[in-house]
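Q:
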Amino acid sequence: MTVVVGYVPNELGEAALSAAIDEARRRGCDLVAVNTTRADRLVDPRYAQDAQAEALESRLEASGVPYAVRRFTSTELAADDVLTAATEVGAELIVIGLRHRSPVGKLLMGSTAQSVLLDAECSVLAVKLPRRR
Amino acid sequence: MTTTRQERPAERTVPVGELGFAGGVVALGVFALVRAGSINEPLTAGSMGPRALPYLVGGALVLSGLAVVAAVLRGHRGEAEHGEDVADDEHTDWRVVGMLVALFLVHVFLIIPAGWPVAATVLFSGSAVVLGAKPWWRAIVIGLLLALVLQASFAGGLGVSLPAGPLLEGVSFLRG
Amino acid sequence: MDSFFALMEGFGTALQPQYLFLALVGVFVGTAVGVLPGIGPAMTVALLLPLTYSLDPTGAFIMFAGIYYGGMYGGSTTSILLNTPGESASIITALEGNRMAKAGRGTAALATAAIGSFVAGTFATVGLTFVAPIAAEWAVKLGPVDYVALMILAFLTVGALLGSSIARGLASLSLGLFIGLIGVDQISGQQRFTFGVPVLGDGIDVVLVAVGLFAVGEALYVGSRLRKGPVEVVPISKGWRNWMTREELRLSWKPWLRGTAIGFPIGTIPAGGADVSTFLSYAAEKKLAKGERKEQFGHGAIEGVAGPESANNAAAAGVLVPLLTLGLPTSATAAIMLVVFQQYNIDPGPQLFSGNAALVWALIASLYIGNLMLLVLNLPLVGLWVRVLQIPRHYLYAGILTFAALGAFAVNRIPADVMILLVIGVIGFFMRRVGYPIAPMVVAMILGPMFEAQLRRALSISQGDPVTLVQSPFAVFVYAALGLVFALSLWLKRRERETEEVLEHLEDDELVSTDERSVRS
Chain L
1 MTVVVGYVPN ELGEAALSAA IDEARRRGCD LVAVNTTRAD RLVDPRYAQD AQAEALESRL
61 EASGVPYAVR RFTSTELAAD DVLTAATEVG AELIVIGLRH RSPVGKLLMG STAQSVLLDA
121 ECSVLAVKLP RRR
Chain Y
1 MTTTRQERPA ERTVPVGELG FAGGVVALGV FALVRAGSIN EPLTAGSMGP RALPYLVGGA
61 LVLSGLAVVA AVLRGHRGEA EHGEDVADDE HTDWRVVGML VALFLVHVFL IIPAGWPVAA
121 TVLFSGSAVV LGAKPWWRAI VIGLLLALVL QASFAGGLGV SLPAGPLLEG VSFLRG
Chain V
1 MDSFFALMEG FGTALQPQYL FLALVGVFVG TAVGVLPGIG PAMTVALLLP LTYSLDPTGA
61 FIMFAGIYYG GMYGGSTTSI LLNTPGESAS IITALEGNRM AKAGRGTAAL ATAAIGSFVA
121 GTFATVGLTF VAPIAAEWAV KLGPVDYVAL MILAFLTVGA LLGSSIARGL ASLSLGLFIG
181 LIGVDQISGQ QRFTFGVPVL GDGIDVVLVA VGLFAVGEAL YVGSRLRKGP VEVVPISKGW
241 RNWMTREELR LSWKPWLRGT AIGFPIGTIP AGGADVSTFL SYAAEKKLAK GERKEQFGHG
301 AIEGVAGPES ANNAAAAGVL VPLLTLGLPT SATAAIMLVV FQQYNIDPGP QLFSGNAALV
361 WALIASLYIG NLMLLVLNLP LVGLWVRVLQ IPRHYLYAGI LTFAALGAFA VNRIPADVMI
421 LLVIGVIGFF MRRVGYPIAP MVVAMILGPM FEAQLRRALS ISQGDPVTLV QSPFAVFVYA
481 ALGLVFALSL WLKRRERETE EVLEHLEDDE LVSTDERSVR S
């Protein structure tokens, strides 16, 4: 069995990754990190650049968990990429980061996390960052 | 790919588009020369009447068009423009161009019967989806918001009244 | 001294709160759009033309001046951070600036570009302040014959020198002249090329042509070949202390001044716009660099950012000299600024300084103010500009199409105008595809009717004798100058190409890493 984590190169993504590594260890299964971009803008901060991808791999390497990284340019939304990966590997758990959002922001921006939560065929672990004081 | 004016190797054998456009320029010139003769020239017009410049422009169109044709045939190919968002290697996606033009046409014919906000929503959301926006409903929400904001600010703030259309006629701040 | 007091009065106007606000909006919008991929200053000014329907002339010009300077400026931010220059004027900045950024000196590159633009903009505006009134005073004495000569100069230089091929430039020019002919002849009242369509009777509004070619044509063209793939932004170190070291400042100040000295005169002559001056400045800096610094070129030399950026901005101010004093646009953006004047029934030209003195001086004063605002605004807001780069392309170009349609409809509030806009946009799309320059068409469409009027006036004074056209000493001088400008421009173009070839060699190693990245991702 496998744990799939939707990775984003920021604080929240790192938190989700930590949780995913812990889960994979506890469950004794391997880990698939998914990071994609639709490549529809000049700058996409949610897509790991080369240096960040290397950092991700070395972190996974150090964790000792068997892992794979899926980082590619996709025509689909990030949520669909995570779900596709989960179906393909028959994931038993998906780990995602969940941001704080106001209702208006929610309406406009939609939410990757929401689609994953609604459409996943397995359990989903939503990781939150502690609110800043 | 940062330089803008590299020479591109001429790969396609017959530059149909280039010859077509240059031919169009020549044809327009011929047309201008022919039609210039039928412009009424008032007898009292003095030294230079309304026909003179049309003849000149027609001649310039023909000559420059022919010069381009000659240059293309000799292998001096025109070079498509470069830009930050233009992929150098991608081939032209005619479907996208066609859809954008079609949406623009729909927009033109919707302005009066449906009102500017509706027409603008169709244009914006449609173009965004054609250009790759996902999911489609978000493009519509953003398009609608943009159209309403523009309608309100032009009607209210700038004093340029756009037709609100039957659906929104009753909303006071959308009228100029 | 007269112009000094007039300038002070201009400041009095431009410093009023509502005009200060418009200047701020102008530089802000200008920079934001300049930063945005694919939107140049010409398109920005064209898209914002509808605003002229509700602003007073002074306010409109103050805002458009801000947009003009801001747009020049925003391009450098993008090229330093991303290494993807939009306008050819930014190629150099992209090369050296991006290397500096990768070496961790991005803040210094941005700072030297910002301060250099400020220095150049200010000195060039001072130049404008003193040169323009003198030129205008002298231009009042010109007769129709002289104007005919000047416009032929503008036609041929813009048509032949903007763009890579002379034949295509002249074809574009002729197309613009043809569009200018459509409608009822102003002198004889005869219909020309109206095809019996009533909408065409009044001629095609120049706003439609400008917006159609620059906005709709561009959006269709980009849509047809949309780039896929995000670009890496170089992280910028925060903090004031990190901006520029003493050493970098020492290396920068001379290129700033040299860039200004190169850029301003080139801007005033119709020799192909700002990008030529950046290449010349780069070549000069490289030649003047000594020893170790010379090695640095191609690896992130700060002189290679400071000089060309200053030259770019100084040229932008230089372009305003012929525009304000003679009514001659020498770049695409200047052509659209001319449209703004026409919207208010103001003829830029010698009469501008006597007839609309308050307006002109407020405009010039606002150039000083806008420059200062740009300096203050830009460095602290780099983070915001990076966010602007995150706007997805599909929304960006959908927005451009929508704004263009809005602008066209607002002209007369008839849908037929939007239809004409689309037709012109499709023409602009094909012109881009087959490599015709756009600017000559717009310039010709604007100047064409003025040219015809002056030509007919000249010939009716001489009762039809064409010899009159070469009898004025000034006209003869202009025709001689035309030859000179051509020779000079061809030389400049060759220099530009040589510099580009050098650049291409430098880029080879850069390309390898880019390819690697795209393969892996």
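Chains as they are written, first to last, in the UniProt record's numbering: chain L, 1 to 133; chain Y, 1 to 176; chain V, 1 to 521.
All C-beta atoms in this analysis are idealised placements derived from N, C-alpha and C, irrespective of residue type, glycine included.
What you are looking at is a predicted structure, and each value in this text was computed from that prediction instead of being measured.
1) So for L/Y67, helix, strand or coil by DSSP?
2) Along the chain, which unbroken stretches of the alpha helix (DSSP H) at least 4 residues long are found entirely within the UniProt domain "DUF1468" (23-163) of chain Y?
3) Indicate whether the contact test is met: 3 or more Cβ pairs, each with one atom in the region 176-190 of chain V and one in the region 384-401 of chain V, closer than 8 Å.
4) What does L/T112 touch in chain A if you count any residue whose Cβ is under 9 Å from its own?
5) Within the 9 Å Cβ cut-off, does Y/G85 reach chain L?
6) Tell me, to the nearest whole angstrom, how far the beta carbon of V/R393 is from that of Y/L131; I am working on the premise that it is less than 8 Å.
7) Within the 9 Å Cβ cut-off, does V/I39 reach chain L?
8) Whose C-beta lies closer than 8 Å to the C-beta of V/R432 among residues of the same chain, with five residues either side of it excluded?
9) Rounded C-beta distance between V/E303 and V/A315? I'm assuming under 8 Å.
10) Per DSSP, what are the beta-bridge partners of V/R192 in this structure?
11) Given that a residue counts as buried once 16 or more other Cβ atoms are within 10 Å of its Cβ, and exposed if not, what is Y/W116?
12) Give a yes or no on whether the C-beta atoms belonging to Y/G65 and V/A444 are separated by under 9 Å.
13) For V/I400, does the three-state DSSP call read helix, strand or coil?
14) Mind checking who L/K128 pairs with in its DSSP beta bridge?
15) Skipping 5 residues on each side, what residues in its chain have a beta carbon closer than 6 Å to that of V/A475?
16) What does a CB cutoff of less than 6 Å around Y/L33 pick up in its chain, not counting 5 residues either side in sequence?
17) Rounded to the nearest angstrom, what separates L/A68 and L/V3 at their Cα positions?
18) When you compare each of V/M43, V/A42, V/V35, V/I364 to L/L42 by their alpha carbons, which one comes out closest?
19) Would you kindly work out how many angstroms separate the C-alpha atoms of L/L129 and L/H100, rounded to a whole number?
20) Shorter than 9 Å from the beta carbon of L/R101 to some beta carbon of chain Y?
21) Can you pull out the residues from the region 379-407 of chain V whose beta carbon lies closer than 7 Å to at least one beta carbon of chain L?
22) Consult DSSP for V/V145 and reduce its assignment to one of helix, strand or coil.
23) Could you say which of V/G26, V/V158, V/P466, V/G66 lies nearest to V/Y436 if we only look at CA atoms?
24) Please work out which residues of its chain come closer than 6 Å, Cβ to Cβ, to V/L367, disregarding the five sequence neighbours upstream and downstream, and give them in chain order.
25) For L/F72, which three-state DSSP category applies?
26) Using a Cβ-Cβ cut-off of 9 Å, state whether Y/G132 counts as contacting chain L.
27) With distances taken between CB atoms, is the gap from L/S58 to L/A24 smaller than 9 Å?
28) Select from V/F297, V/Y344, V/I424, V/A404 the residue whose C-alpha is nearest the C-alpha of V/A94.
29) Any chance the region 23-38 of chain L sits against the region 84-94 of chain L, with 3 or more Cβ pairs inside 8 Å?
30) Would you verify that the beta carbon of L/T75 is, or is not, closer than 9 Å to some beta carbon of chain Y?
31) Using a Cβ cut-off of 9 Å (strictly closer), state whether V/D185 contacts chain Y.
32) For Y/V96, decide whether its Cβ has a neighbour in chain V, counting only Cβ atoms nearer than 9 Å.
33) In the structure shown, what three-state DSSP assignment does V/Q351 receive?
34) Got a sec: is the Cβ-Cβ distance from L/A126 to anything in chain V below 9 Å?
35) Let me make sure I understand the geometry here. Which of Y/G37, Y/P54, Y/V106, Y/G143 has the alpha-carbon closest to that of V/F451?
36) For V/Q190, which residues in chain Y fall below 7 Å Cβ to Cβ?
A: Reading off the structure:
1) Within the first sequence, numbered from 1, the residue matching residue 67 of chain L stands at position 67. Residue state, collapsed to three classes: strand.
2) Assignment of alpha helix (DSSP H) within the UniProt domain "DUF1468" (23-163) of chain Y, counting only whole runs of 4 or more residues, yields 52-73, 94-114, 116-130, 136-152 in chain order.
3) Below 8 Å, too few C-beta pairs join the region 176-190 of chain V and the region 384-401 of chain V to call them touching: fewer than three.
4) Absence of chain A from the displayed structure is noted, the protein chains being L, Y and V.
5) Here residue 85 of chain Y refers to the residue found at position 85 of the second sequence. It is Asp, not Gly, that sits at residue 85 of chain Y in the sequence shown. So, interface residue.
6) The sequence position of residue 393 of chain V within the third sequence is 393, counting from 1. The sequence position of residue 131 of chain Y within the second sequence is 131, counting from 1. Y/L131 and V/R393 do touch by the CB rule: their CB atoms are close to 7 Å apart, below 8 Å.
7) Start at 1 with the first residue of the third sequence, and residue 39 of chain V comes out as number 39. The beta-carbon of V/I39 is placed no less than 9 Å from the nearest beta-carbon of chain L.
8) For this step, residue 432 of chain V is matched to residue 432 along the third sequence. Excluding residues within five positions, the ones whose Cβ falls inside 8 Å are G217, E218, Y221, I438.
9) Locating residue 303 of chain V in the third sequence gives position 303, where the first residue counts as 1. Locating residue 315 of chain V in the third sequence gives position 315, where the first residue counts as 1. Not confirmed; about 18 Å, so no contact.
10) Locating residue 192 of chain V in the third sequence gives position 192, counting from the first residue. According to DSSP, V/R192 bridges with V/G183.
11) Position 116 of the second sequence, counted from the start, is the residue given in the question as residue 116 of chain Y. Under the 10 Å beta carbon count, Y/W116 is surrounded by 16 or more other beta carbons and is classified as buried.
12) On the second sequence, residue 65 of chain Y is found 65 positions in, with the first residue counted as 1. On the third sequence, residue 444 of chain V is found 444 positions in, with the first residue counted as 1. Not closer than 9 Å, so no.
13) As a first step, residue 400 of chain V must be located in the third sequence, where it is residue number 400. In the structure shown, the three-state DSSP call for V/I400 is helix.
14) Here the question's residue 128 of chain L lines up with position 128 in the first sequence. Partner(s): L/L98.
15) The count along the third sequence starts at 1 and reaches residue 475 of chain V at position 475. The answer, listed in chain order, is V145, D146, A149.
16) Along the second sequence, one-based indexing puts residue 33 of chain Y at 33. Spatial neighbours of Y/L33 in its own chain (CB-CB distance under 6 Å, excluding positions within 5 residues in sequence) are listed in chain order as G58.
17) For the purposes of this step, residue 68 of chain L is taken as residue 68 along the first sequence, with counting starting at 1. For the purposes of this step, residue 3 of chain L is taken as residue 3 along the first sequence, with counting starting at 1. The straight-line gap separating the alpha-carbon atoms of L/A68 and L/V3 is approximately 10 Å.
18) Position 42 of the first sequence holds residue 42 of chain L. The option with the nearest alpha carbon to L/L42 is V/V35.
19) What you label residue 129 of chain L is simply residue 129 of the first sequence in a count that begins at 1. What you label residue 100 of chain L is simply residue 100 of the first sequence in a count that begins at 1. The alpha-carbon atoms of L/L129 and L/H100 are separated by roughly 9 Å.
20) In the first sequence, counting from the first residue as 1, residue 101 of chain L sits at position 101. Under the 9 Å criterion on CB atoms, L/R101 is classed as non-interfacial with respect to chain Y.
21) Of all residues in the region 379-407 of chain V, V386, L389, Q390, I391, P392, R393, H394 have a Cβ within less than 7 Å of some Cβ in chain L.
22) Within the third sequence, numbered from 1, the residue matching residue 145 of chain V stands at position 145. It is helical.
23) Here residue 436 of chain V refers to the residue found at position 436 when the third sequence is read from its first residue. Residue V/V158 is the option with its Cα nearest to V/Y436.
24) Looking up residue 367 of chain V in the third sequence gives position 367. Result list for V/L367: A65, T125, in chain order.
25) In the first sequence, residue 72 of chain L corresponds to position 72, counting from 1. Looking at L/F72 - three-state DSSP - the assignment turns out to be strand.
26) Taking the first residue of the second sequence as position 1, residue 132 of chain Y is located at position 132. Yes, Y/G132 counts as interfacial toward chain L.
27) Here residue 58 of chain L refers to the residue found at position 58 of the first sequence. Here residue 24 of chain L refers to the residue found at position 24 of the first sequence. Cβ distance not < 9 Å, so L/S58 and L/A24 don't count as in contact.
28) The residue given as residue 94 of chain V occupies position 94 in the third sequence. Considering only alpha carbons, the answer is V/F297.
29) Yes, the region 23-38 of chain L is in contact with the region 84-94 of chain L.
30) Residue mapping note: residue 75 of chain L aligns to position 75 of the first sequence, counting from 1. Yes, L/T75 counts as interfacial toward chain Y.
31) Here residue 185 of chain V corresponds to residue number 185 of the third sequence, with the count starting at 1. Closer than 9 Å to some Cβ of chain Y, the Cβ of V/D185 qualifies, so yes.
32) Your numbering for residue 96 of chain Y matches position 96 in the second sequence. Yes - at least one Cβ of chain V is within 9 Å of the one on Y/V96.
33) Counted from its first residue, the third sequence places residue 351 of chain V at position 351. Here V/Q351 sits in helix by DSSP.
34) Here residue 126 of chain L refers to the residue found at position 126 of the first sequence. Not closer than 9 Å to any Cβ of chain V, the Cβ of L/A126 fails to qualify, so no.
35) The residue labelled residue 451 of chain V in the question sits at position 451 within the third sequence. Measuring from the Cα of V/F451, the nearest candidate turns out to be Y/P54.
36) Translated into positions along the third sequence, residue 190 of chain V becomes position 190. Chain Y residues near V/Q190: I39, N40, P50.
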